[in-house]
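*Asks:* I'd like to ask some things about the structure below.
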Amino acid sequence: MPQYQSKREEVVQALMPLTRQETTNSVVQNPKADELDAIRTAMLTDKWAQEHPGWLTNRYGVAWKGDKMYVPDSLRKTVLQRCHDAKQAGHFGFLKTLHLLRWQFWWPRLKVDVEQYVRGCHVCASAKPRTRNPWACYRRWPTHLGPGRKSPWISL
Numbered sequence: 007m008p009q010y011q012s013k014r015e016e017v018v019q020a021l022m023p024l025t026r027q028e029t030t031n032s033v034v035q036n037p038k039a040d041e042l043d044a045i046r047t048a049m050l051t052d053k054w055a056q057e058h059p060g061w062l063t064n065r066y067g068v069a070w071k072g073d074k075m076y077v078p079d080s081l082r083k084t085v086l087q088r089c090h091d092a093k094q095a096g097h098f099g100f101l102k103t104l105h106l107l108r109w110q111f112w113w114p115r116l117k118v119d120v121e122q123y124v125r126g127c128h129v130c131a132s133a134k135p136r137t138r139n140p141w142a143c144y145r146r147w148p149t150h151l152g153p154g155r156k157s158p159w160i161s162l
């Protein structure tokens, strides 16, 4: 039984092949009209792209910063989900998710967005082992040194 995918998820799915070259080829050489239209529409309403037109280059109707595709604000959360939550991504931590995204995509405050997203991931938080003993703060320390000892140091 096929699952329903929103238009936004279909657009991001089209942008998530394995390599940068495949990304460029799939979007530029073999575009689906509805995917490109969705990207172009998102670009028209993207506030940052409108405020900083000189920072991005427009190739094939898609905005690029250098060799990385610019992701409009309305598609960022979906791209983060695809790079972190998808079965192929495997709920990688902050650094691996950041590396995967920086390899193909760019947007302002990318690092901050990835950090917040990974930190807020409930699956990662529940699977992450505890690193400190919560009862360590409540442990009583010995107040006496024992018979015949005047300092806590041991002479060897």
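Residues in the sequence shown are numbered consecutively from 7, following the numbering used here.
The beta carbon of each residue, even a glycine, is placed where N, CA and C say it ideally should be.
Considering just the uninterrupted stretch of the alpha helix (DSSP H) at residue 136, what are its terminal residues?
*Replies:* For the purposes of this step, residue 136 is identified with residue 130 of the sequence shown, where counting begins at 1. No alpha helix (DSSP H) contains residue 136, which DSSP labels as neither H nor E.
*Asks:* Please classify residue 101 as buried or exposed, where buried requires at least 16 other C-beta atoms within 10 Å of its C-beta.
*Replies:* Counting from 1 along the sequence shown, the entry for residue 101 is found at position 95. By the 10 Å Cβ count, residue 101 comes out exposed.
*Asks:* Report the option in 103, 128, 126, 127 whose CA atom is closest to the CA atom of residue 116.
*Replies:* The residue given as residue 116 occupies position 110 in the sequence shown. Of the candidates 103, 128, 126, 127, the one whose C-alpha sits nearest the C-alpha of residue 116 is 103.
*Asks:* Would you list, in sequence order, the uninterrupted beta strand (DSSP E) runs of no fewer than 3 residues that lie entirely inside the segment 63-147?
*Replies:* 63-65, 68-71, 74-76, all fully within the segment 63-147.
*Asks:* Can you tell me whether residue 66 is buried or exposed? The criterion is at least 16 other CB atoms within 10 Å of its CB, across all chains shown.
*Replies:* Within the sequence shown, numbered from 1, the residue matching residue 66 stands at position 60. The residue is exposed, with fewer than 16 neighbouring Cβ atoms inside 10 Å.
*Asks:* Just to confirm, does residue 61 get its C-beta within under 6 Å of one of the non-hydrogen atoms of the ligand HEM?
*Replies:* This structure lacks the ligand HEM; in fact it carries no ligand of any kind.
*Asks:* When you compare each of 46, 90, 129 to residue 107 by their alpha carbons, which one comes out closest?
*Replies:* For the purposes of this step, residue 107 is taken as the residue at position 101 of the sequence shown. Put simply, of 46, 90, 129 the residue whose alpha carbon is nearest the alpha carbon of residue 107 is 90.
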